[in-house]
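First up is the structure itself, then whatever we jot down about it.
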Amino acid sequence: MPSPPQVDPRGPRFAAWVTSAVLIAVLLTGWWPLLAAQAVVFAIGAFAGLRWSPYSALYRVLVAPRLAPTDERKDVAPLRFAQGVGFVFTLLGTTGYVLGVPALGIVATAIALAAAFLNAAFGFCLGCESYLLVNRLSNTNKEVGTAR
Amino acid sequence: MTGALVVVATLLVATAIGFALRAANGRVRTAGPDAGGSVPDEVRAVLDPAAAVTLVQLTSAYCAQCGQAEKVLAGAAAATGGLAHTTVDLTDRPELAARLAVLRTPTTLAVDARGVELLRIGGVPKQAELLDALRDHLPA
Numbered sequence: 001m002p003s004p005p006q007v008d009p010r011g012p013r014f015a016a017w018v019t020s021a022v023l024i025a026v027l028l029t030g031w032w033p034l035l036a037a038q039a040v041v042f043a044i045g046a047f048a049g050l051r052w053s054p055y056s057a058l059y060r061v062l063v064a065p066r067l068a069p070t071d072e073r074k075d076v077a078p079l080r081f082a083q084g085v086g087f088v089f090t091l092l093g094t095t096g097y098v099l100g101v102p103a104l105g106i107v108a109t110a111i112a113l114a115a116a117f118l119n120a121a122f123g124f125c126l127g128c129e130s131y132l133l134v135n136r137l138s139n140t141n142k143e144v145g146t147a148r
Numbered sequence: 001m002t003g004a005l006v007v008v009a010t011l012l013v014a015t016a017i018g019f020a021l022r023a024a025n026g027r028v029r030t031a032g033p034d035a036g037g038s039v040p041d042e043v044r045a046v047l048d049p050a051a052a053v054t055l056v057q058l059t060s061a062y063c064a065q066c067g068q069a070e071k072v073l074a075g076a077a078a079a080t081g082g083l084a085h086t087t088v089d090l091t092d093r094p095e096l097a098a099r100l101a102v103l104r105t106p107t108t109l110a111v112d113a114r115g116v117e118l119l120r121i122g123g124v125p126k127q128a129e130l131l132d133a134l135r136d137h138l139p140a
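Residue numbers (the numbering used here), protein chains in the order written: chain A, 1 to 148; chain B, 1 to 140.
Put into structure tokens, the structure is as follows:
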């Protein structure tokens, strides 16, 4: 079996800390352009690849040179999926703030913050864990005629 | 003000979830929804007929810890007589995941030669605890 693409796991942990800080700032200020920017960061990570994400670039330039190299590696696919989940929630949140439904903005941002913080502080990737659940739900939808 | 309260509440809840997940990770569950019942035919088909117990590791393409779990399980199987290890990918089989009542990967089922589920473990198993729980089902 060819080995799947992998990354230094400390990069995504660093990115999760930055994401947490950004989302906390959004909740404190309610300033939607910042949330929209975070949604774009998630979209880049999910659709273009983690390598292109601004936080990964920040890690490579600022943090990685100061750390000892590691042999520890993590698969990229779950992380990209999780970025996609983050994108959905931040997009929902931005929509809520912009359309004047702050409750939606706050709830969606808070869920994204909880997931980012769990990843940063505990190393748990909630987005990855949710894959089976999301898959099961979308399968249920398929049965009533919604194509994926 | 609302924002600050939401931040504090969210971080508290996430911390609680983090500790709960950490505690549940790798714990052996003998009283799961299907414990003592027969596994579906798809799982029965991958059992090692020569082994007393097969560790069936359920994986998916978006699984962050499946590699670690695989290392532990393969090591346990290699070091223990009568114990086999295999994997089933649930990525494109949500209906099987639903029948097995599996919400996260990795989840590992220990299944005996008759196809009865003995126990299951969510997350990365701990080898010593796993072998201890299976002792009665393995040849001495």
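For each residue, glycine too, the CB sits at the ideal point set by N, CA and C.
A quick note: this is a predicted structure, and the numbers were derived from the prediction, not measured.
Next on the checklist: If you measure between the beta carbons of Gly-127 of chain A and Val-85 of chain A, is that distance less than 7 Å?
Outcome noted: Yes, Cβ-Cβ distance for Gly-127 of chain A and Val-85 of chain A is below 7 Å.
Checklist entry - Should Pro-193 of chain A be flagged as near chain B, meaning a C-beta pair shorter than 7 Å? => result With chain A represented from 1 up to 148, any question about residue 193 of chain A goes unanswered, as that position is not in the structure.
Item to check | Residue environment, Lys-74 of chain A, which counts as buried when at least 16 other CB atoms sit within 10 Å | outcome: buried
Checklist entry - Given that a residue counts as buried once 16 or more other Cβ atoms are within 10 Å of its Cβ, and exposed if not, what is Trp-31 of chain A? => result exposed
Checklist entry - From what residue to what residue does the beta strand (DSSP E) around Val-111 of chain B run? => result 107 to 112
Next on the checklist: Taking the straight line between their C-alpha atoms, what separation do you get for Val-7 of chain A and Thr-70 of chain A?
Outcome noted: 10 Å
Checklist entry - Buried or exposed: Gly-145 of chain A, going by 16 or more other Cβ atoms within 10 Å of its Cβ? => result Confidence in Gly-145 of chain A is poor, its pLDDT being 40 and thus under 50, which makes the residue's placement too unreliable to answer from.
Item to check | Beta carbon proximity, Ala-110 of chain B to chain A, threshold 7 Å | outcome: no
Item to check | Pro-125 of chain B, buried or exposed, once every other Cβ within 10 Å from all chains shown has been counted against 16 | outcome: buried
Next on the checklist: One question on the structure: do Ala-112 of chain A and Leu-50 of chain A come within less than 7 Å of each other, judged by their Cβ atoms?
Outcome noted: no
Checklist entry - Just the Cα atoms here: how many angstroms apart are Ala-97 of chain B and Glu-129 of chain B? => result 25 Å
Checklist entry - How do the region 10 to 27 of chain A and the region 37 to 45 of chain A stand: do at least 3 beta-carbon pairs fall below 8 Å, yes or no? => result yes
Checklist entry - In chain order, which continuous runs of the alpha helix (DSSP H) of length 4 or greater are located wholly inside the region 18 to 85 of chain B? => result 41 to 44, 66 to 79
Checklist entry - Going along chain A in order, which residues have a C-beta closer than 7 Å to the C-beta of Thr-105 of chain B? => result Leu-132
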